[in-house]
Structures are given as structure tokens and as C-alpha cells.
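Asks: Those protein sequences? They're chains A and B, same order as listed. Last residue of the first sequence: 112 in the working numbering, with the numbers rising by one and none dropped. Last residue of the second sequence: 434 in the working numbering, with the numbers rising by one and none dropped.
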Amino acid sequence: MKKIEAVIKPFKLDDVKEALNEIGIQGMTISEVKGYGRQKGHKEIYRGAEYVVDFIPKIKIEIVVEADRVQQVVNCIRESANTGKIGDGKIFVIPVEEALRVRTGETGADAI
Amino acid sequence: MQMKLNRLLAAGIFTLIPFSTAMASDGINSGDTAWIIVSTALVMMMTPAGLALFYGGLSRYKNLLNTYAMTLVAYCLASVVWVMWGYSLAFGPDKAGIIGGLENAFLAGIRVDSVSGTIPTYVFVLFQMTFACITVALVLGSIVDRMKFSSWIVFTVLWVTLIYAPIAHWVWGGGWMGKLGALDFAGGNVVHINAGVAGLVLSTMVGKRIGYGKEAMFPSSIALTALGAALLWFGWFGFNAGSQLAADGVAGSAFLVTNTSAAMGALAWMFIEWKMNQKPTVLGLASGVVSGLVAITPAAGFVNMPASLIIGGVAGLFGFYSVAVLKQKLGYDDSLDAFGVHGMCGIWGAIATGLFANPSITEGAKGLFYGNPKQLLIQIISVLATAIFTGIGTLIVGYITKLVTGGLRVEGESEVTGLDNTLHGERAFEIQLS
């Protein structure tokens, strides 16, 4: 099992969700996060006082899948989240040791 | 305002001499009275609504309610001080042109049938009270985010008594500045230069906010500030057109030039900011409105419409320069720019009055462009005298306050946490992101 963590532009969330649904991904966890990379922040000026806003709002999606589906999911996110402009985000793949469904106690692939 | 007052001082009617109901009812004009009652209500709104929103939105989120609290308490304190002794010190019987006597303390000698000009004296007292209230409240723009609430209370009482009342007397109460011929229709000297310079002095006494110039200090809500500016604009019609103390043609002219100047101020600020900083900000528009209103205040009853286009436009540019360039260079922490907007644009307004005063609006008020260079000199003298008196006076009042309340400034930890929490135990908004 692998966890795929994707940080994307907030307005692309719906596109990504629909694309993932189409390839059969039935669950995900998202959070509103802030950060910056090459896009950097932006500046705001209030009566001449200039403040740099470093951290830009992003959405982080977390999905756990079986190892053989990783490439398909990563490609799907990459295609649906892509705008071609700086700041489109990043995708990380992380190994997951165990999964467990709280209601039934199922573990492993059955739990995801 | 002083034109009217000179008339009634000359008549010698409005302080001690009781007169019969018959005389009084002859003197009262119901149209004038109705307009000044409405004007008073309009000016009242400028402090706890207009200024509170304008300043509250500009202060940081953690200090939004503290800014409201200081504004509201300033209004309440000045209201009470005014009817106890403030009015008498400003408008009581003249003592050597410097101050009014205490003969009218607690409004002694003023009765239901007392008349000032063509309106009941009680209405005049209240109209003037709203000016005292907003003037001291304007000062707090320089010291938000860091002053002790107790210090602000003591400062307000002392400042209205020792600084505002004398200057109001000089200009409008029969004092030396009015006699010299200084033109200040609705409070360029008395309100704006006075409050702006006092704010600058107090901000240097209290010191800079922790992190000033290093960390970002975002306004809590530009939406509230823009709404506050709109309410100030609305109330300013009472402030300026009401200062004629009559419902007549000059009041109508003051109304017209007030609106024009405000609009020009906003446009000028917006365009210069757009050019210099690439973006036309809402804060710039709102600040420009106030700049234009401040600058037209001393001139409102003396200048014609074309002059108000220039006065407002220059005010917008001047205000932008003051807060976006000059302040950054000088490095003082006049947090919400009480000096930059009210002080600097007030000075411009006083000078502009000396240039543009047109005798066809108010007889006898003649500026440089109408062949009376002496008026400009008188205006400059009035600006300097106001700035020097309030500068030194505020320093003294600040020191007395410091002694009484054991320092002017909150503890560093409270300042970092935020004054809404530490001073008031409240928060401005309960925001839940779902």
C-alpha cells in the first residue's frame, strides 16, 4: 500500500476529484493548507506599508491505494490538476504499513 | 461657524443674560433649529459608528474591539466633560481671548428659552459637543494596538479640557484667533490639525508597536474601513453644512463643496496609488475620501465649487504622499495615520482657505486669489499657533496621564496576544471555517 499526497491549487479540487472518481478511486481526505515553492508569495501594500504574503493557500489530497495502482492515480492527478502555470503543486508517494477499517476491523487492502 | 458666532457675540446674548420667552421665540428660527438638530445627530454618528469602523477595520484583528472601545469611550467621556465644564471653557464669557470662563459650567445660566443666533442654546451646546467628541477620538488613530485603556480614559478627559476647549475658544468662542480673522469654517484647526498633531506627539510618547517595520500588520477588515469612510462622509454633511448654524444658502454651498472635495480626494488618491504601486486599493479610495473631507472642512463655507475640485484633488495627493512616502521615511508609528491624513490635509485645508476664500460666498471672507494676501498670512499664523499649542500641550497632558496611570503602554505580552483578549476578554468575530 502507498499513500499519495498531492498539493494542488484549490480551484482544481473538483476536477481532480471527478477524474479520480472516474478511475474508481472512492475515497480521499483533503485539507486546506498553506505553503510556497517556486511560485513564491505575493505582496500587499496598505497605505505604503508593504507586506509580503509568503504562504499561498493550497489543497492537500491524501489517498491510500494498493501499490499497483499508484502510477495510474499519480498520472490522473497530474493531468487533472495541471494548468501549465507555476504553482500547480507537487505529488508525493509514501509507503503505508497498515490500514484498518474502524467499523469492521478489516485490514490491509480490504480496508482501503 | 465663526462668522455666525461673531454675530451673536456682538449681540451679546448667549451667555448670562436671561431673557423672556417672548424674546426667545422671536429669535428662534424653526428651520435653522431643525437643521442643526439633524446635523448634530449626523456628526454624532461619525464617532461611534464612522470613526469606529474606519479605525477598527484598519487595526489588527486582535485589537479590533479595543479600537471600538477607545472610540466609544472617548465619545462618552467627551460628552460628559463637555456639559460639565468643556462647553463653558470654550464658549463661556471670554477671558483675555484665551479661554472661556466657568460661568456656564454644568450649563449654568442656560435655559430652555436661551438662544444662540437663531437656534436654542441647548442645540448649540450639543452640536459643539459632537465636535469635541470626534476630535479627541481622532487622536487614538495614532496609538491603537498598544495604549493602556486606563491611560486613554485619563488622557481623553484632560485633553478635551486643556487642549480642545481652549482652541475651540480661540477660533469659535470669541478668542484671539477668531478676532485676528482666521477662517476656520468647520474645524480645520480646531479639529483636524489639532487631533493630527496631538496624535503624532502621543504616538512618539507611547512608542512604536512591537514588530513595527519588521512584521506584517494587516488591517483586520478593509470592508469595515470602507463602510466607516462612507459613514464619515455622510456625517460630514452635518459637520460642514451644519457649521453655518443655519439652513441657508451658505449651508447649501458648504454641502456642495464637501461632497465634491471628498469625491476628488478619493479619485486623486486612487489614481496616484494606481500609478505608483500598480494597484488601485479600496483602502486608498477610503483614505482619499477622508483626505478630501478634512481639507474642505475649514473652507466649506468660504469657497466655491471649482475651488473644491482643486482642494479635494490636492488633498488626495497630499494624503497619499504623507502616509505612503513621508511616514515611511521619518519612521514614526502613527498607526492609522491620524497625523498623515488629518494633520497634513488639515494644514492644506487651512492654507487653501487663505487662497480660495471667495467673498461672494461669505461676505468678508476673502483669500489671496481675491486680492487679500493678508488672509494667507493669518491662516499660516493660525496653523502654527494651533500646532505649537497642541504639540506642547499634548506632551504635558501625556506626562500627567503617565504619572496618574503608571505608564501609557500595555505590557509586551498583552500587546502580542492582542488587546481584545487581554483588556476586554472578548473577540470581534467568531469565525468558524466549515
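The beta-carbon is built from N, C-alpha and C at its ideal position, and this holds for glycine as well.
Nearest to B:N259 by CA position, among B:K148, B:N29, B:A229, is which residue?
Replies: Measuring from the Cα of B:N259, the nearest candidate turns out to be B:A229.
Asks: Counting along the chain, where does the beta strand (DSSP E) carrying A:A49 start and finish?
Replies: Residues 49-53.
Asks: By the 10 Å Cβ neighbour count, where 16 or more other Cβ atoms means buried, how is B:W483 classified, buried or exposed?
Replies: Outside the shown range of chain B (1 to 434) lies residue 483 of chain B, about which nothing can therefore be said.
Asks: Using the Cα positions of B:A241 and B:T118, report the straight-line distance between them to the nearest angstrom.
Replies: When rounded, the distance between both Cα atoms is 16 Å.
Asks: Taking beta-carbon pairs under 8 Å, can you tell me which members of the stretch 279-311 of chain B lie near chain A?
Replies: So the list reads K279, T281, L283, G284, S287, given in the order they occur along the chain.
Asks: So B:G175 and B:D94 are supposed to be a Cβ contact under 8 Å. How far apart are they, rounded?
Replies: Confirmed, Cβ separation roughly 7 Å.
Asks: Closer than 9 Å between beta carbons: that is the criterion. Which residues of the stretch 45-64 of chain A meet it against chain B?
Replies: Against chain B - using a Cβ distance shorter than 9 Å - the residues of the stretch 45-64 of chain A are I45, Y46, R47, G48, A49, E50, Y51, V52, V53.
Asks: Looking only at its own chain, which residues have a Cβ that is under 8 Å from the Cβ of B:C133, when we skip the five neighbours before and after it?
Replies: Counting only Cβ-Cβ distances below 8 Å, and skipping sequence neighbours, we find M44, T47, A74, Y75, A78, S79, W82.
Asks: Verify the CB distance criterion: does B:A338 have a CB-CB separation below 8 Å to chain A?
Replies: Taking Cβ atoms only, chain A never reaches closer than 8 Å to B:A338, which makes this a no.
Asks: Mapping the DSSP letters down to three states, classify B:F127 as helix, strand or coil.
Replies: Three-state result, B:F127: helix.
Asks: Tell me, please, whether the CB atom of B:Q375 is closer than 8 Å to any CB atom in chain A?
Replies: Cβ-Cβ to chain A under 8 Å: no for B:Q375.
Asks: Could you tell me which of B:L51, B:G211, B:E426 sits nearest to B:G235, measuring between CA atoms?
Replies: The residue with the shortest Cα to Cα distance from B:G235 is B:L51.
Asks: Could you give the residue range of the alpha helix (DSSP H) that holds B:S296?
Replies: Here the sequence assigns Ile to residue 296 of chain B, which means Ser is not the residue at that position. Counting along the chain, the alpha helix (DSSP H) containing B:I296 begins and ends at 282-296.
Asks: Of the choices B:G319, B:Q379, B:T390, B:F239, whose alpha-carbon is the least far from that of B:V284?
Replies: The sequence shown places Gly at residue 284 of chain B, not Val. With distances taken between Cα atoms, B:G284 lies closest to B:G319.
Asks: Across which residues does DSSP place B:P460 in a beta bridge pair?
Replies: Outside the displayed range of chain B (1 to 434) lies residue 460 of chain B, so it cannot be described from this structure.
Asks: Strictly below 9 Å CB to CB, what residues from chain A border B:V325?
Replies: What B:V325 touches in chain A: G48.
Asks: So, is the C-beta of B:N277 closer than 8 Å to a C-beta in chain A?
Replies: Yes, because at least one Cβ of chain A sits closer than 8 Å to the Cβ of B:N277.
Asks: Excluding the five sequence neighbours on either side, which residues of its own chain have a C-beta within less than 7 Å of the C-beta of B:A137, listed in chain order?
Replies: Excluding positions up to five away in sequence, the list reads T47, L51, T71, A74, Y75.
Asks: Please name the residue, chosen from B:A49, B:E103, B:W152, that lies closest to B:Y399 on a Cα-to-Cα basis.
Replies: Selected option, being the one with the closest Cα: B:W152.
Asks: When burial is assigned at 16 or more other CB atoms within 10 Å of the CB, is A:H42 buried or exposed?
Replies: Result: exposed.
Asks: Could you work out which residue in B:V257, B:E215, B:A357, B:P219 is closest to B:W233 when comparing CA atoms only?
Replies: Residue B:V257 is the option with its Cα nearest to B:W233.
Asks: Give me the Cα-Cα distance between B:T21 and B:L102, rounded to the nearest whole angstrom.
Replies: Caution is warranted here: a pLDDT of 41 is assigned to B:T21, below 50, making its placement in the model unreliable, and no coordinate value can be reported.
Asks: The beta strand (DSSP E) with B:P306 in it runs from where to where?
Replies: Run containing B:P306: none in the beta strand (DSSP E); it sits in the alpha helix (DSSP H), 305-321.
Asks: Since B:T297 and B:V197 should fall inside the 8 Å C-beta cutoff, what is the C-beta to C-beta distance between them, to a whole number of angstroms?
Replies: That belief does not hold up - the Cβ atoms of B:T297 and B:V197 are roughly 15 Å apart, past 8 Å.
Asks: Give a yes or no on whether 8 Å exceeds the smallest Cβ distance from B:F218 to chain A.
Replies: B:F218 counts as touching chain A.
Asks: Since I believe A:I59 is in contact with A:E32 (beta carbons under 8 Å), could you give me their beta-carbon distance rounded to a whole number of angstroms?
Replies: So it is a contact: roughly 6 Å between Cβ atoms.
Asks: Buried or exposed: B:Q375, going by 16 or more other Cβ atoms within 10 Å of its Cβ?
Replies: By the 10 Å Cβ count, B:Q375 comes out buried.
Asks: Just to confirm my understanding: we take B:S253, look at its own chain, exclude 5 residues before and 5 after, and list those with CB closer than 6 Å. What are they?
Replies: Cβ neighbours of B:S253 beyond the five flanking positions: I361.
Asks: Leaving out five residues on either side along the sequence, give the residues of the same chain with a beta carbon under 6 Å from the beta carbon of A:I4.
Replies: Once the five neighbours on either side are set aside, the close Cβ partners of A:I4 are I63, V73, V93.
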